[in-house]
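Asker: Numbering (my numbering), first residue to last: 303 to 530. Using N, Cα and C, we set each Cβ at its ideal position, and we do this for glycine too. Just so we're clear, the structure is a prediction, and the values are computed from it rather than from any experiment. Sharing a structure here in structure tokens format.
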Amino acid sequence: MSSQNPERLVYSHVAELARAFGHEHRLKLLDLMSQGEWSLDELAKRSGISVANASQHLQTLRRVGVVTARRAGKNVLFSLADGPVFDAVVAMRALAERNIAEVRLAVTDYFGGLDDMEPVSLDEIRARMRDGNVVLLDVRDEAEYRQGHLPGAIHIASDELEASLSRLPRDREVIAYCRGRYCILSSDAVALLRRNGFRSRRLEDGYAEWKAANRSEASDETTGLRTG
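Set out below in structure tokens:
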């Protein structure tokens with residue numbers, strides 16, 4: 303049995319884990335992997351960093367066990383490990399909003415101005431989808447939608463929405479969602495829909511939060527309605 307103080311041992315490993323989270327690029331990579339699994343090249347492109355930098359950051363995250371990798375043909379695909387990995391990101395995000403004035407101000411300045419969009423909670427959308435009186439619209443890109451989506455969601459990518467309005471029913475409210483709480487695609491979609499006479503609101507959270515909240519497992523691309 304080790305003679306090391308167990309409390310110090312635990313905290314030393316917790317500190318190592320915290321250091322692994324302590325870089326904006328790693329947090330972005332974790333956020334991307336909350337949507338599904340991606341190749342190194344795709345993660346680098348989506349995060350806006352070089353392949354070499356993405357590889358180094360992923361190695362750091364793998365060393366502390368929060369990211370896993372599997373081989374698929376010629377590619378290696380990276381994803382979040384089992385367990386509350388994204389919950390940890392959400393908790394740090396909430397702590398930053400509460401305790402760091404610059405973060406709180408940035409969030410309030412942008413998202414506070416969206417209050418007239420009456421954001422819908424995950425619990426509310428779940429109940430309303432059961433009632434069948436809303437349309438749930440996923441405005442992420444096709445690759446993200448294929449990784450998984452909220453059950454019953456229609457997919458129209460944000461950059462295709464204006465040309466695809468005829469595919470949406472006008473007799474039901476359209477609830478738009480995207481990647482997560484800080485994703486602006488859904489608010490842009492709601493503004494566009496309202497300008498064109500639709501009743502529309504945005505989902506307060508996104509696909510990542512839905513998964514983290516242990517709601518119904520998001521379906522594969524064959525589940526629910528498709529419009530494209």
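1. Return the residue from the list 499, 491, 500 and 485 that minimises the CA-CA distance to residue 508.
2. If you follow the beta strand (DSSP E) that residue 475 is in, where does it begin and where does it stop?
3. Under 8 Å, do residue 437 and residue 503 count as touching if we go by C-beta distance?
4. What residues in its chain sit with their C-beta under 6 Å from that of residue 487, if we drop five residues either side in the sequence?
5. What ranges does the beta strand (DSSP E) occupy inside the stretch 450-495, keeping only unbroken runs of at least 3 residues that lie completely in it?
6. On a Cα-Cα basis, can you pick out the residue from 344, 358 and 363 that is closest to residue 322?
7. Consult DSSP for residue 504 and reduce its assignment to one of helix, strand or coil.
8. Sorted by chain position, which residues of the same chain lie with C-beta nearer than 7 Å to residue 343's C-beta, five sequence neighbours on each side aside?
9. Is residue 412 buried or exposed, if buried means 16 or more other CB atoms sit within 10 Å of its CB?
Answerer: Checking against the coordinates, here is how it stands:
1. When only C-alpha atoms are compared, the closest one is 485.
2. Start and end: 475-479.
3. Not in contact: residue 437 and residue 503 (Cβ atoms no closer than 8 Å).
4. Only residues of its own chain outside the window of five on either side were considered, and among them 441, 460 and 480 have a CB closer than 6 Å to the CB of residue 487, listed in chain order.
5. Fully enclosed beta strand (DSSP E) runs of 3 or longer: 475-479.
6. When C-alpha distances from residue 322 are compared across 344, 358 and 363, the shortest belongs to 363.
7. Three-state DSSP puts residue 504 in a strand.
8. Here the set comprises 353.
9. So residue 412 ends up on the exposed side.
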